[in-house]
Amino acid sequence: MKSIEHVPTICPYCGCGCGIYLVVKDGNVVGMEPWKDHPVCEGKNCQKGRNAHAFSYSEQRLQRPLIKQNGVFEEASWEHALGLIAEKLQGVDAEAVGFINSAKCTNEDLYVIQKFVRVVKKTNNMDNASRFCHSTTVPALISTVGSGVMTTSTTSIEQADCIFVVGTNLQETYPIIARRVIRAKRKGAKVIVVDPRRTITAKNLADLYLQVYPAADNALVNGMMRIIIDEGLEDKNFIDKKTSGFDDLKDYLTTLDLSEIERTTDISIDAIKETALTYAKAENACILYNAGIAQHGAGIENIRALADLALLTGNYGKPGTGVNPLRGHANGEGFGDMGPLPVFYPGFQKVNEETAKRFEDIWGVKGLPSTPGMTYMDMVENCKVLYIVGANPMLAAPDTNSVRKALQDKDFLVVQDIFMTETAKLADIVLPTATFMEKDGTITGVDRRVQRMNKAVEPAGDTRPDWVIFCELAKMMGYEEQFSFSSPAEIFEEIRTCVPQYKGITYERLRNPHGIQWPCPTEDHPGTEVMFVEKFPTADGLGHFQIADYKPPLELPDEEYPYVFTNGRVVFHFHTGTMTRRTKRLNDELPHGFAEISRADARELAIEEGDEIMLKSRRGEIKTFAKVTDDIRKGLIFMPWHFSECAPNVLTGPSAGPPSKMPEFKFCAVRIEKV
Ligand SMILES: Nc1nc2c(c(=O)[nH]1)N[C@H]1C(S)=C(S)[C@@H](COP(=O)(O)OP(=O)(O)OC[C@H]3O[C@@H](n4cnc5c(=O)[nH]c(N)nc54)[C@H](O)[C@@H]3O)O[C@H]1N2
Ligand SMILES: Nc1nc2c(c(=O)[nH]1)N[C@H]1C(S)=C(S)[C@@H](COP(=O)(O)OP(=O)(O)OC[C@H]3O[C@@H](n4cnc5c(=O)[nH]c(N)nc54)[C@H](O)[C@@H]3O)O[C@H]1N2
Ligand code: SF4
Ligand SMILES: [Mo]
1 MKSIEHVPTI CPYCGCGCGI YLVVKDGNVV GMEPWKDHPV CEGKNCQKGR
51 NAHAFSYSEQ RLQRPLIKQN GVFEEASWEH ALGLIAEKLQ GVDAEAVGFI
101 NSAKCTNEDL YVIQKFVRVV KKTNNMDNAS RFCHSTTVPA LISTVGSGVM
151 TTSTTSIEQA DCIFVVGTNL QETYPIIARR VIRAKRKGAK VIVVDPRRTI
201 TAKNLADLYL QVYPAADNAL VNGMMRIIID EGLEDKNFID KKTSGFDDLK
251 DYLTTLDLSE IERTTDISID AIKETALTYA KAENACILYN AGIAQHGAGI
301 ENIRALADLA LLTGNYGKPG TGVNPLRGHA NGEGFGDMGP LPVFYPGFQK
351 VNEETAKRFE DIWGVKGLPS TPGMTYMDMV ENCKVLYIVG ANPMLAAPDT
401 NSVRKALQDK DFLVVQDIFM TETAKLADIV LPTATFMEKD GTITGVDRRV
451 QRMNKAVEPA GDTRPDWVIF CELAKMMGYE EQFSFSSPAE IFEEIRTCVP
501 QYKGITYERL RNPHGIQWPC PTEDHPGTEV MFVEKFPTAD GLGHFQIADY
551 KPPLELPDEE YPYVFTNGRV VFHFHTGTMT RRTKRLNDEL PHGFAEISRA
601 DARELAIEEG DEIMLKSRRG EIKTFAKVTD DIRKGLIFMP WHFSECAPNV
651 LTGPSAGPPS KMPEFKFCAV RIEKV
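Residue numbers (the working numbering): 1 to 675.
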């Protein structure tokens with residue numbers, strides 16, 4: 001009789017961190033089983049998790065290294081491909097080379113990648129798609145509360161009496177967190193949803209729904225705070241003991257004209273008031289936000305205002321409270337923690353001489369880089385040599401036409417992925433990697449929960465895990481000693497020595513099915529469910545109110561481009577579709593893109609449901625099909641961005657300046673033509 005094995009692991013898609021069992025028969029994963037006592041999902045998964053094993057078996061999986069010769073890819077041995085890469089990397093100056101990495105990688109992969117970049121190439125030129133989710137979150141929350149992490153845990157959302165869901169379509173993007181919101185609602189919590197589209201989240205979850213004008217959330221939240229203060233509902237005790245800067249904020253808020261806020265947000269003062277009072281009167285109020293707040297030119301202001309709101313009402317340090325940025329990818333928290341970033345070494349230790357020295361001692365090398373490296377788009381534009389691991393900038397970065405040109409102009413481009421993506425097609429060398437079910441490692445999801453991923457089957461074809469590839473390359477380039485790891489467990493032991501938040505976590509401890517939430521300082525520490533209980537991680541331990549004045553978007557509609565364009569996600573697909581569009585069950589659910597347009601706009605433009613339409617911005621044009629709906633604001637167009645044949649980033653463009661450099665994914669001006 002053939003034996004069947006159930007291998008516990010974590011879903012590789014979103015940051016919820018749901019457990020799944022992979023069912024293994026004869027060396028193949030044949031399906032999945034729900035993991036009923038998993039703390040996050042309790043045996044429930046969304047459609048992506050239920051089909052998580054399928055993409056690994058796609059016939060389109062890359063199997064062997066490929067080298068482009070005269071414009072055509074040819075299969076090559078690992079030794080040959082890595083030899084060529086080592087030679088190119090050796091021949092380029094540290095300032096001219098860049099590395100883009102990925103939250104599809106495990107913590108161990110990412111730790112090795114950043115160590116490689118720093119030790120072997122002596123540069124901090126490395127970044128990842130976290131710049132596109134939360135580069136506004138980090139400066140905004142560090143300046144207010146000292147840290148950009150999720151403060152509560154997904155499970156404790158159930159303990160909130162009010163949940164303020166702003167700029168996130170939870171039911172499609174974090175279905176298992178949405179489930180907790182539903183549970184809280186059953187216990188009597190009030191749910192407020194703010195989104196320019198009446199999303200399924202708004203329809204299914206909201207007690208109060210505000211169809212805000214895009215990019216005006218900051219004005220809305222300032223209005224709410226003004227009303228809370230006018231009504232005397234601020235938490236005076238909390239403000240006195242745990243914050244600074246309240247008087248300045250109050251002075252600023254009293255200068256605001258509520259009727260102007262009404263015009264900016266297109267929300268009536270009465271509705272703003274009801275929202276403000278519902279939030280302020282709750283015992284525990286929890287803010288969940290994401291891309292609709294963060295991906296704006298004024299994302300920092302949006303998020304500072306949310307932190308101010310929580311400080312004003314004492315909503316920090318208890319379960320079911322806080323301002324919670326939802327990290328998106330399965331390893332969305334880990335890919336900050338491991339430090340594969342231009343400004344942080346592992347454990348969010350700032351790039352400077354002191355940190356570089358500390359790591360020189362840990363790693364036994366000299367000359368580690370001590371000045372900040374380039375960010376994602378700066379590397380795409382400026383580096384001569386670019387090495388991209390598990391990222392697809394051809395669809396995920398703003399202004400595709402400029403990205404294509406920049407990538408085509410590279411002296412040398414390496415892409416390391418599981419599929420021949422739009423980006424990989426432009427590469428000189430493509431390296432095939434093993435998928436999540438073909439390797440061991442850990443990942444850290446949205447609420448800082450570190451969990452183990454377990455290998456269920458051997459890597460397909462001649463593929464290798466990301467960490468193995470970088471160790472091989474480092475050895476070829478003369479760093480045998482620093483990269484002699486023989487397993488992810490060994491890498492994790494090194495991670496524990498230099499990421500203080502992970503110090504008390506061991507592979508052995510992670511055998512428990514709950515994972516461990518960092519910070520976990522010692523081996524007998526249970527991990528931390530709720531952050532900032534005693535004080536904030538700022539120099540003085542206080543939360544700092546910041547004035548967050550309303551800033552309009554970078555590119556406003558005008559006569560030539562009269563509509564606002566936004567885009568986002570649907571439950572069946574993930575990002576650039578590389579995995580979900582190769583999963584038959586998911587692709588059958590939604591095989592093509594579309595553009596939501598309001599009934600009023602459709603009437604004016606004589607567009608009917610299903611008509612082919614052309615959207616044009618200052619940067620490019622795409623064709624798609626109209627979906628006429630009553631659920632979107634007039635003047636706004638929405639598209640899912642999972643489809644390469646109608647890819648929204650052909651249209652998107654401007655980015656904020658430093659420190660965030662966040663592209664304004666959620667707002668640009670377009671015009672619409674019937675095809
Ligand atoms: N199914 C699925 N789930 C995913 C992902 C995926 O690709 N597919 N990706 C993961 C990742 S990496 C991330 S970062 C998250 C993203 O998670 P979300 O932020 O939930 O995803 P989006 O759909 O991009 O945007 C959310 C909502 O923002 C709204 N919005 C746009 N502009 C504004 C605005 O100005 N104000 C407000 N209040 N709302 C606005 C949009 O209408 C949209 O409904 O999802 C994660 N989960
Ligand atoms: N218009 C618009 N653009 C956006 C956004 C938006 O809302 N609107 N959102 C932004 C956000 S929040 C994000 S996070 C980014 C996402 O941008 P990306 O992270 O670039 O998008 P993905 O499609 O998730 O790319 C992940 C790649 O990793 C590959 N992969 C999977 N597993 C592995 C593995 O184990 N190893 C390796 N090496 N590769 C693997 C996949 O095949 C895929 O090509 O996009 C950003 N871009
Ligand atoms: S909610 Fe997220 S982690 Fe859970 S099954 Fe769905 S995609 Fe996977
Ligand atoms: Mo993201």
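Heads up, the beta-carbon is just placed ideally off N, CA and C, and yes, glycines get one too.
TODO: Taking the CB atoms as reference points, tell me whether Ile-516 and Pro-526 lie closer together than 9 Å.
DONE: Locating residue 516 in the sequence shown gives position 516, where the first residue counts as 1. Locating residue 526 in the sequence shown gives position 526, where the first residue counts as 1. Contact flag set, yes.
Task: Contact test: Asn-45 Cβ vs ligand 3 heavy atom, cutoff 8 Å - done: The count along the sequence shown starts at 1 and reaches residue 45 at position 45. Yes.
Task: 9 Å Cβ cutoff met for Leu-427 and Leu-22 - done: If you number the sequence shown from 1, residue 427 lands on position 427. If you number the sequence shown from 1, residue 22 lands on position 22. For clarity, residue 427 is Ala in the given sequence; the question names Leu instead. The answer is no: Cβ separation not under 9 Å.
Task: Reduced DSSP secondary structure (H/G/I, E/B, other) of Phe-309 - done: Stepping through the sequence shown from its first residue, residue 309 is reached at position 309. First, the amino acid is wrong: residue 309 is Leu here, not Phe. Here Leu-309 sits in helix by DSSP.
Task: Sheet register partners of Tyr-209 (DSSP bridge) - done: Working through the sequence shown from its first residue, we reach residue 209 at position 209. DSSP, once it has assigned bridges, lists Val-193 as partnering Tyr-209.
TODO: Tell me Val-92's beta-bridge partners as DSSP assigns them.
DONE: The count along the sequence shown starts at 1 and reaches residue 92 at position 92. BP columns for Val-92 are empty, so no partner.
Open item on the list: So within the stretch 306–357, which uninterrupted alpha helix (DSSP H) runs reach at least 4 residues, ignoring any that extend past its ends?
Closed with: 334–337
Task: Check: Leu-205 C-beta below 8 Å from any heavy atom of ligand 2 - done: Along the sequence shown, one-based indexing puts residue 205 at 205. It does not: the Cβ of Leu-205 is nowhere closer than 8 Å to a heavy atom of ligand 2.
Task: Ile-388 to Arg-131 span [Cα, whole Å] - done: Position 388 of the sequence shown holds residue 388. Position 131 of the sequence shown holds residue 131. Their Cα atoms are separated by approximately 15 Å.
TODO: With hydrogens ignored, establish whether the beta-carbon of Ser-484 is closer than 8 Å to any heavy atom of ligand 2.
DONE: Within the sequence shown, residue 484 is the residue found at index 484, counting from 1. It does not: the Cβ of Ser-484 is nowhere closer than 8 Å to a heavy atom of ligand 2.
Open item on the list: At a cut-off of 8 Å, would you count Phe-574 as near ligand 1, judging by its Cβ distance to the nearest heavy atom?
Closed with: Taking the first residue of the sequence shown as 1, we reach residue 574 at position 574. Yes - ligand 1 has a heavy atom lying nearer than 8 Å to the Cβ of Phe-574.
Open item on the list: Below 8 Å, is the gap between the Cβ of Gly-15 and the nearest heavy atom of ligand 1?
Closed with: Here residue 15 refers to the residue found at position 15 when the sequence shown is read from its first residue. At least one heavy atom of ligand 1 is nearer than 8 Å to the Cβ of Gly-15, so yes.
Open item on the list: With three or more beta-carbon pairs closer than 8 Å as the criterion, would you say the stretch 28–38 touches the stretch 61–69?
Closed with: no
Open item on the list: If you measure between the beta carbons of Thr-136 and Asn-331, is that distance less than 9 Å?
Closed with: What you label residue 136 is simply residue 136 of the sequence shown in a count that begins at 1. What you label residue 331 is simply residue 331 of the sequence shown in a count that begins at 1. Not closer than 9 Å, so no.
Open item on the list: Pull the bridge partners of Thr-9 from the DSSP assignment, please.
Closed with: Within the sequence shown, numbered from 1, the residue matching residue 9 stands at position 9. According to DSSP, Thr-9 bridges with Ile-20.
Open item on the list: Under 8 Å: does the beta carbon of His-329 sit that close to some heavy atom of ligand 2?
Closed with: On the sequence shown, position 329 is the one that residue 329 refers to. Yes, since a heavy atom of ligand 2 falls inside the 8 Å radius drawn around the Cβ of His-329.
TODO: If I'm right that Ala-677 touches Ala-396 with Cβ under 8 Å, what's the distance once you round it to whole angstroms?
DONE: Here the chain covers residues 1 to 675 and nothing more, so residue 677 does not appear.
- [ ] With hydrogens ignored, establish whether the beta-carbon of Asp-217 is closer than 8 Å to any heavy atom of ligand 2.
- [x] For the purposes of this step, residue 217 is taken as the residue at position 217 of the sequence shown. No, ligand 2 has no heavy atom inside 8 Å of this Cβ.
Task: Given 8 Å, three or more beta-carbon pairs between the stretch 397–410 and the stretch 141–159 - done: no
Open item on the list: If you follow the beta strand (DSSP E) that Asp-417 is in, where does it begin and where does it stop?
Closed with: The residue you call residue 417 lines up with position 417 of the sequence shown. First-last of the beta strand (DSSP E) with Asp-417: 412–417.
Open item on the list: I'd like to confirm something about Asp-266: is its beta-carbon nearer than 8 Å to some heavy atom of ligand 1, or not?
Closed with: For the purposes of this step, residue 266 is identified with residue 266 of the sequence shown, where counting begins at 1. No, the Cβ of Asp-266 stays beyond 8 Å of every heavy atom of ligand 1.
Open item on the list: Going by DSSP in three states, Tyr-479 sits in which element: helix, strand or coil?
Closed with: Your numbering for residue 479 matches position 479 in the sequence shown. Looking at Tyr-479 - three-state DSSP - the assignment turns out to be coil, as it is neither helix nor strand.
- [ ] Could you round the C-beta distance between Glu-621 and Met-614 to whole angstroms and report it? I think they count as a contact, below 8 Å.
- [x] Counting from one through the sequence shown, the residue named residue 621 turns up at place 621. Counting from one through the sequence shown, the residue named residue 614 turns up at place 614. Contact holds; Cβ gap of about 6 Å.
Task: Terminal residues of the alpha helix (DSSP H) in which Tyr-387 lies - done: Position 387 of the sequence shown, counted from the first residue, corresponds to residue 387. That residue, Tyr-387, is in no alpha helix (DSSP H); its beta strand (DSSP E) goes 385–389.
Open item on the list: At a threshold of 8 Å, does Ala-307 count as lining ligand 1 (C-beta to nearest heavy atom)?
Closed with: To locate residue 307, count along the sequence shown from 1; it is residue 307. Result no, Cβ not under 8 Å from ligand 1.
- [ ] Using 8 Å as the cut-off, classify the Cβ of Pro-557 as near or not near the heavy atoms of ligand 1, replying yes or no.
- [x] The residue given as residue 557 occupies position 557 in the sequence shown. No, Cβ of Pro-557 sits at least 8 Å from all heavy atoms of ligand 1.
- [ ] Report whether the distance from the Cβ of Pro-214 to the nearest heavy atom of ligand 1 is below 8 Å.
- [x] By 1-based counting over the sequence shown, the position of residue 214 is 214. Yes, since a heavy atom of ligand 1 falls inside the 8 Å radius drawn around the Cβ of Pro-214.
TODO: Run the CB neighbour count on Pro-196, radius 10 Å, all protein chains shown included, and call it buried at 16 or more, exposed below.
DONE: Sequence index remark: in the sequence shown, residue 196 carries index 196 (1-based). Result: buried.
- [ ] Hey, could you find the ends of the beta strand (DSSP E) Asn-587 is sitting in?
- [x] Within the sequence shown, the letter at position 587 stands for residue 587. Run containing Asn-587: none in the beta strand (DSSP E); it sits in the alpha helix (DSSP H), 584–589.
Task: Assumed close pair Val-670, Tyr-561 - CB separation to whole angstroms, cut-off 8 Å - done: Locating residue 670 in the sequence shown gives position 670, where the first residue counts as 1. Locating residue 561 in the sequence shown gives position 561, where the first residue counts as 1. Contact flag correct, Cβ pair sits at about 6 Å.
TODO: Answer with buried or exposed for Leu-556, where buried requires no fewer than 16 other C-beta atoms within 10 angstroms of its C-beta.
DONE: Reading the sequence shown from its first residue, position 556 is the one you call residue 556. Leu-556 should be labelled exposed.
- [ ] Note down the Cα distance separating Val-120 from Val-212, rounded to an integer number of angstroms.
- [x] Position 120 of the sequence shown holds residue 120. Position 212 of the sequence shown holds residue 212. Val-120 and Val-212: Cα-Cα distance of roughly 49 Å.
Task: Per-residue DSSP class, three states only, for Leu-82 - done: Locating residue 82 in the sequence shown gives position 82, where the first residue counts as 1. Leu-82: helix per DSSP, three-state reduction.
Task: Cα-Cα separation, Pro-39 to Glu-234 - done: Walking along the sequence shown from the start, residue 39 turns up at place 39. Walking along the sequence shown from the start, residue 234 turns up at place 234. Pro-39 and Glu-234: Cα-Cα distance of roughly 35 Å.
- [ ] Return yes when the C-beta of Leu-395 is under 8 Å from any heavy atom of ligand 2, and no when it is not.
- [x] Indexing the sequence shown from 1 puts residue 395 at position 395. Checking the Cβ of Leu-395 against ligand 2 gives yes.
- [ ] Reducing DSSP to helix, strand and coil, say where Ala-184 ends up.
- [x] Against the sequence shown, residue 184 aligns to sequence position 184. Helix at Ala-184.
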